[in-house]
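Heads up: the structure comes next, in structure tokens.
In this note's numbering, the protein residues as written are 979 to 1100.
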């Protein structure tokens, strides 16, 4: 039997689906900070699915997956929708939106810190 190692958070019905397909599996139940970390990683996994969407229907499905994971994080961390909206408004006031469709090719190092990883110069 060939095993594929996923090592990721899955939705509750996935074990049932694997069984329905005649598969076997190993799962473990996560708790506390371990679950939180894996859920945060799941946002990245789900968001990467947006790039693979071939049409509007797939895009909507992938966006729904991202929203589901974010909603679970909100519940886990007790973040209200109003708190999130307030943070969105603050971010918009500080950084603006995406109306101008700008794409930053490069910038000198001003010390500004963003969420992106720093890449070495090529």
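We treat Cβ as the ideally placed atom computed from N, Cα and C, and that holds for glycine.
Between the C-alpha atoms of residue i and residue j, what's the straight-line distance to the nearest angstrom?
{"i": "residue 1028", "j": "residue 1041", "result": "7 Å"}
{"i": "residue 997", "j": "residue 1087", "result": "52 Å"}
{"i": "residue 1085", "j": "residue 1022", "result": "25 Å"}
{"i": "residue 988", "j": "residue 1065", "result": "28 Å"}
{"i": "residue 981", "j": "residue 1057", "result": "38 Å"}
{"i": "residue 993", "j": "residue 1038", "result": "24 Å"}
{"i": "residue 1074", "j": "residue 1003", "result": "46 Å"}
{"i": "residue 979", "j": "residue 999", "result": "14 Å"}
Closest to residue i by C-alpha separation, out of the options, would be which residue?
{"i": "residue 1016", "options": "1050, 1060, 992", "result": "1050"}
{"i": "residue 983", "options": "1005, 1081, 1063", "result": "1005"}
Who are the near neighbours of residue i in its chain, counting only those whose CB is closer than 6 Å to its CB and skipping five residues on each side?
{"i": "residue 1024", "result": "1043, 1044, 1047"}
Pick helix, strand or coil for residue i, following the three-state DSSP scheme.
{"i": "residue 1051", "result": "helix"}
{"i": "residue 1030", "result": "helix"}
{"i": "residue 1016", "result": "helix"}
{"i": "residue 1077", "result": "coil"}
{"i": "residue 1056", "result": "coil"}
{"i": "residue 1043", "result": "helix"}
{"i": "residue 1037", "result": "helix"}
{"i": "residue 990", "result": "coil"}
{"i": "residue 1083", "result": "coil"}
Could you pull out every residue in the same chain whose Cβ sits closer than 8 Å to the Cβ of residue i, ignoring the five residues on either side in sequence?
{"i": "residue 1008", "result": "987, 1016"}
{"i": "residue 1054", "result": "1013, 1014, 1017"}
With a threshold of 7 Å on Cβ separation, who are the neighbours of residue i within its own chain once the five nearest residues in sequence on each side are excluded?
{"i": "residue 1031", "result": "1037, 1040"}
{"i": "residue 985", "result": "none"}
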